[in-house]
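Enquirer: Residue numbers (the working numbering): 403 to 716.
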């Protein structure tokens with residue numbers, strides 16, 4: 403595996419000039435995460451220096467009008483920074499300006515980011531996911547107003563779906579399920595209310611599947627989220643799993659193409675996209691992807707970073 407990771411790291415560095423965006427799925431913060439962790443993994447400080455310079459460039463690109471999305475905006479950057487701090491790569495007080503633009507984009511008005519993102523092609527509860535990542539690092543810095551706002555916004559969106567005022571895509575429902583399960587585990591208050599919201603979300607997931615409001619990766623993530631949280635989700639989770647098992651065109655989650663194209667989703671939700679892994683097959687696959695990278699020059703770094711992070715986690 404060391405050879406695969408070295409090849410991946412060197413391919414990323416050689417192509418660094420073509421990584422222009424700042425986001426997690428498609429840009430520099432995702433590459434930073436990989437390079438910092440690979441520097442630690444390999445003991446080679448050169449990669450840490452490259453990552454540090456790249457991070458300085460990210461700070462220079464931050465703007466007040468950040469998109470909230472995990473894919474290309476504020477949440478992805480905030481998650482990356484939080485992980486770098488948790489892993490000891492950065493020593494930063496959250497009250498410093500490093501979090502300023504992200505907090506402004508996602509917490510200044512906790513309702514606006516969700517209402518904006520709900521109309522995105524791939525909507526997520528990015529503000530809630532970012533808050534959850536911050537809670538997993540240090541609860542002392544979390545304002546209870548943020549938590550209450552996230553729960554209330556969830557309740558409002560869920561009600562609009564139940565009342566058929568808005569069609570909710572499965573990507574959004576998955577992210578809400580993830581956030582509220584995290585709140586349920588961490589908070590000592592409002593557990594009955596959160597449990598009801600979780601049950602409502604599962605019912606809406608079934609409705610979303612019936613209406614075709616999903617991509618294949620959404621089904622994979624939902625199945626894994628439900629299985630991971632069955633103790634909290636109780637009876638309705640069985641109905642969701644039965645619905646998934648009845649789908650005719652369910653994607654094979656054990657193919658390398660699915661893993662390569664969706665590894666960031668697995669990292670985001672801390673869920674294994676690929677259950678079975680042959681390192682020899684991975685080596686051959688990555689070799690080919692690097693050789694063919696001129697066909698995908700703008701995205702190769704992001705995808706290689708995600709699979710590299712996944713490999714190091716193993």
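Every residue gets a Cβ at the ideal spot worked out from N, C-alpha and C, and that includes glycine.
Predicted model, so just to flag it, every value in this text is computed and none were measured.
Starting from the Cα of residue 616, find the closest Cα among 530, 666, 526, 554 and give me that residue.
Expert: 526
Enquirer: Would you say residue 428 and residue 473 are within 8 Å of each other, going by their C-beta atoms?
Expert: Yes.
Enquirer: What is the rounded straight-line gap between the Cα of residue 449 and the Cα of residue 558?
Expert: 45 Å
Enquirer: Can you check which of these residues, 420, 453, 445, 444, is closest to residue 381 by C-alpha distance?
Expert: Residue 381 cannot be examined here, being either before or after the span of the chain that is shown, 403 to 716.
Enquirer: Between which residues of its own chain and residue 641 is the CB-CB distance below 6 Å, once the five residues before and five after are set aside?
Expert: none
Enquirer: At which residues does the alpha helix (DSSP H) containing residue 414 begin and terminate?
Expert: 404-416
Enquirer: How far does the alpha helix (DSSP H) with residue 568 in it reach, from first residue to last?
Expert: Counting along the chain, residue 568 falls outside any alpha helix (DSSP H), and DSSP gives it neither H nor E.
Enquirer: In whole angstroms, what is the alpha-carbon distance linking residue 556 and residue 590?
Expert: Each residue's alpha carbon lies about 18 Å from the other.
Enquirer: Considering residue 484, what are the terminal residues of the alpha helix (DSSP H) in which it resides?
Expert: From DSSP, the alpha helix (DSSP H) with residue 484 extends over 476-488.
Enquirer: Just the C-alpha distance for residue 504 and residue 467, rounded to the nearest angstrom, thanks.
Expert: 10 Å
Enquirer: Could you check if residue 607 is buried or exposed, using at least 16 other CB atoms within 10 Å of its CB as the buried criterion?
Expert: buried
Enquirer: Between the alpha carbons of residue 629 and residue 457, how many angstroms are there, rounded?
Expert: 36 Å
Enquirer: Determine the DSSP secondary structure at residue 524, reduced to helix, strand or coil.
Expert: coil
Enquirer: For residue 623, collect the residues of the same chain with a Cβ closer than 7 Å to its Cβ; drop the 5 residues on either side in sequence, then sort them by chain order.
Expert: Its chain contains 576, 667, 671, 673 as the residues whose beta carbon lies nearer than 7 Å to that of residue 623, once the 5 sequence neighbours on both sides are disregarded; these appear in chain order.
Enquirer: State the CB to CB distance for the pair residue 706 and residue 413, rounded to an integer number of angstroms; the pair is presumed to be in contact (CB under 8 Å).
Expert: About 6 Å separates the Cβ atoms of residue 706 and residue 413, confirming a contact at the 8 Å cut-off.
Enquirer: So, helix, strand or coil for residue 425, using DSSP?
Expert: coil
Enquirer: When you compare the CB of residue 414 with every CB in chain B, is at least one pair closer than 8 Å?
Expert: The displayed structure is made up of one protein chain only, and chain B is not part of it.
Enquirer: What residues in its chain sit with their C-beta under 6 Å from that of residue 565, if we drop five residues either side in the sequence?
Expert: none
Enquirer: In the DSSP assignment, find the unbroken alpha helix (DSSP H) run with residue 462 in it and report its ends.
Expert: 447-463
Enquirer: Starting from residue 703, trace the alpha helix (DSSP H) both ways and give me its first and last residue.
Expert: 702-715
Enquirer: Using 10 angstroms around the beta-carbon of residue 363, count the other beta-carbons present and answer buried if the total reaches 16, otherwise exposed.
Expert: In the structure as shown, the chain starts at 403 and stops at 716, and residue 363 therefore has no counterpart that could be examined.
Enquirer: Between the Cα of residue 385 and those of 611, 690, 664, spot the shortest distance and give me the residue it belongs to.
Expert: Here the chain covers residues 403 to 716 and nothing more, so residue 385 does not appear.
Enquirer: Verify the contact flag: residue 416, CB atom, against every heavy atom of the ligand NAD, threshold strictly below 7 Å.
Expert: Although the ligand NAD was asked about, the structure shown includes no ligands whatsoever.
Enquirer: Quick check on the burial criterion: 16 or more other C-beta atoms within 10 angstroms. Buried or exposed for residue 594?
Expert: exposed
Enquirer: Spatial neighbours of residue 619 within its chain, please: C-beta separation below 6 Å, excluding the five flanking residues on both sides.
Expert: 664, 667
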